[in-house]
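Residue 39 in the numbering used here sits at position 20 of the sequence shown, with consecutive numbering throughout. The beta carbon of each residue, even a glycine, is placed where N, CA and C say it ideally should be. None of the values given here were measured: they were computed from a predicted structure. The structure appears below as structure tokens.
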Amino acid sequence: MERRDFVANLGITLALACTAGLAACGGGGGGYNNSNPTPPAGGGTAKLSINLNNELTAVGDAKIGGGVILIRTGSGNTAADFAALSSTCTHQGCTVSTYNKTTGLIECNAPCGHGSRYATSGAVNTGPAASPLTPYTVTISGNILTVS
Ligand code: FES
20 MERRDFVANL GITLALACTA GLAACGGGGG GYNNSNPTPP AGGGTAKLSI
70 NLNNELTAVG DAKIGGGVIL IRTGSGNTAA DFAALSSTCT HQGCTVSTYN
120 KTTGLIECNA PCGHGSRYAT SGAVNTGPAA SPLTPYTVTI SGNILTVS
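The structure is reproduced here in structure tokens:
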């Protein structure tokens, strides 16, 4: 094999390896998890980030992800306009199902849950859960809200 052919083949091989997703081609950083691209302002680990321009735009909108349930409770764009709580039900560890805009309660329903209800403060409204949901910190920088 001529040297020129060898170099050409090497280039093709490396390109295929990178396409296959080898970490060595990723520029460092250790993977493709880009679900929380914005670092939290407080230096902790972001559990959930949203763009206030297009997510949770109406009072009562909620999102569950990253171990968090985030609820818009006010019309402004300050931390006080949101509730961020652990989405892990304190009864038996199910992820809570939803936020009910009509009742204003977080629900832990079947098939996993057993009907517990929580206020947006995290306090138990209805059992069988006996302990509140853990609150998290909301930080807003520009249009990015981060829960940590
Ligand atoms: S795990 Fe939520 S009510 Fe049982």
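Beta-bridge pairing by DSSP links E74 to no other residue. The Cβ-Cβ distance between S150 and T109 falls below 8 Å. If you compare the alpha carbons of K66, L71 and N72 with that of G84, the shortest gap goes to K66. A direct Cα-to-Cα measurement between L89 and A148 gives close to 20 Å. Scanning its chain for C-beta atoms nearer than 7 Å, with the 5 sequence neighbours on each side dropped, one finds around S116 the residues E126, C127, N128 and G132, in chain order.
Taking a 10 Å sphere around the C-beta of A99, we find fewer than 16 other C-beta atoms and assign the residue as exposed. For V157, the uninterrupted beta strand (DSSP E) segment begins and ends at V157 to S160.
When DSSP states are grouped into helix, strand and coil, A99 belongs to the helix group. Ordered along the chain, residues surrounding ligand 1 are C108, H110, Q111, C113, C127, G132, H133 and S135 [Cβ under 5 Å from any heavy atom]. Within the segment 102-149, the complete beta strand (DSSP E) segments at least 3 residues long are 117-119, 124-127, 135-137 and 143-145, listed from N- to C-terminus. Of the candidates D80, T145, G123 and V166, G123 places its Cα closest to the Cα of T139. With a 10 Å radius around the Cβ and a threshold of 16 neighbouring Cβ atoms, G141 comes out buried.
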